[in-house]
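J.:
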Amino acid sequence: MPTPLYVLEDVARPCDDVRQKEFTEKVKDIGIVLYDGFSLLAAGMLAEALHIANELQSESSANPFKYRVNLISARGGTVSCSSSMSVLTEQPSAREIDRFDTLFVAGGSGVARASADSDLIELLRRLCAKSVTITAIGNGHMLLSAAGVRQCDRHSMMHDIYAGMSTPTVPEHDPDQALMSSLALLKKDLGSELAVRVADCVGSGAAGSLAGDFQDRYATTLAEKVCSSARWLVQNCAKPISVVDAARMASMSERNFVRLFKREIGVTPSRYLLRARLDLTCKLLVSSELPVDKIARSTGLSNGERLSKLFRKEFSMSPTEFRTNSRRNE
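Below, the structure written as structure tokens:
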């Protein structure tokens with residue numbers, strides 16, 4: 003019986019032309035370096051996470067972005083994993099090496115034998131010479147050591163993922179490391195919110211636990227960003243700012259910012275900004291002799307007419323009546 007051929011989703015075939023990157027959508031080529039005896043579970047976890055990210059991105063035509071996973075080996079053709087299943091790989095030419103943005107080196111039971119493969123070691127050196135970001139999964143670091151490659155990129159990309167998480171150390175199992183490495187890449191490229199959505203789609207077990215850690219960590223980060231933006235709205239309410247400006251300061255889309263702000267603060271950011279402006283207006287009415295129209299302009303409320311309408315709606319009195327009543331009660 004012939005050895006089964008296992009094909010991962012969203013994997014570019016060896017015959018793919020580099021010119022395929024010239025799509026209307028942005029394409030980012032990801033390479034996974036394989037060899038006989040690699041861990042299929044880890045490689046599959048990487049490919050699955052990026053496949054899910056592609057699907058989530060396709061839901062919004064406003065931000066087209068696609069990862070293209072390339073399975074790479076020293077000689078191309080079929081490569082057998084540690085469980086004896088085979089996958090189809092490509093041997094990138096010197097011209098094609100330039101297209102890879104990020105590289106993952108799989109771990110597995112065959113890593114010691116692969117470390118002695120001069121063709122594979124030379125391929126890694128050529129890939130590294132192109133300054134791609136390289137991350138080893140599991141004992142894949144042995145291959146990088148054999149090639150004389152330092153993992154500076156891996157440390158910097160993974161730092162934000164593990165910092166502050168309930169999991170105190172790097173996950174021990176290859177699939178778990180693959181998951182967290184893919185989430186780190188997604189967070190860097192597309193933001194923590196999409197990375198959390200991908201984590202939410204991952205199955206149960208140890209991987210699900212790690213995904214939960216990631217979600218908890220970045221749910222906290224998003225809440226902190228929203229609270230920070232609320233303070234920014236108060237501090238700048240007298241200026242001609244808008245919700246769009248606040249969303250930009252928080253590095254979020256306006257839609258997501260409004261949703262998260264309302265969830266964390268209890269009101270929409272536009273309502274929060276209005277309250278801040280009215281609060282500042284009340285203070286100026288009591289503490290100064292400035293005319294209502296000037297106060298309105300200096301607190302971001304346009305003019306006296308608009309301010310008067312807002313006051314009657316919010317306080318059932320005019321700004322002048324508010325000033326008089328407040329001073330009388332002092």
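Here the numbering used here runs 2 ahead of the position in the sequence shown, where the first position is 1.
Beta carbons: idealized from backbone N, C-alpha and C, even for Gly.
#1: Under three-state DSSP, which class holds G79?
#2: Since Y37 is in the beta strand (DSSP E), which residue starts that stretch and which ends it?
#3: T91 by DSSP, collapsed to three states: which one?
#4: Within the chosen definition, does the segment 73–89 reach the segment 229–247 through at least 3 CB pairs nearer than 8 Å?
#5: Rounding to the nearest angstrom, what Cα-Cα distance links R70 and D31 in this structure?
#6: Please classify I32: does DSSP put it in a helix, a strand, or coil?
#7: Out of S289, D281 and D191, which has the shortest C-alpha to C-alpha gap to F313?
#8: Work out the CA separation of S290 and N331 for me, nearest whole Å.
#9: Keeping to the same chain, check which residues put their C-beta closer than 6 Å to that of V35; ignore five residues upstream and five downstream.
#10: Taking DSSP as the reference, what is the three-state secondary structure of I74?
#11: With D247 as the anchor, note down where its beta strand (DSSP E) starts and where it stops.
#12: Between the C-alpha atoms of E92 and A55, what's the straight-line distance to the nearest angstrom?
#13: Suppose you measure from the CA of E256 to the CA of R250; what does that come to, to the nearest Å?
#14: Under 8 Å Cβ to Cβ from M319, same chain only, skipping five residues before and after it: list those, please.
#15: By how many angstroms is the C-alpha of V151 removed from the C-alpha of C130?
#16: Alpha carbons only, please: which of A252, R77 and D191 is nearest the one belonging to Q59?
#17: Are there 16 or more other CB atoms within 10 angstroms of the CB of V81, so buried, or fewer, so exposed?
#18: Is A138 helix, strand or coil when you go by DSSP?
T.: On the basis of the supplied data:
#1: strand
#2: Here Y37 belongs to no beta strand (DSSP E), and DSSP marks it neither H nor E.
#3: strand
#4: no
#5: 5 Å
#6: strand
#7: D281
#8: 16 Å
#9: I74 and V107
#10: strand
#11: Run containing D247: none in the beta strand (DSSP E); it sits in the alpha helix (DSSP H), V245 to M251.
#12: 23 Å
#13: 8 Å
#14: F313 and N327
#15: 7 Å
#16: D191
#17: buried
#18: strand
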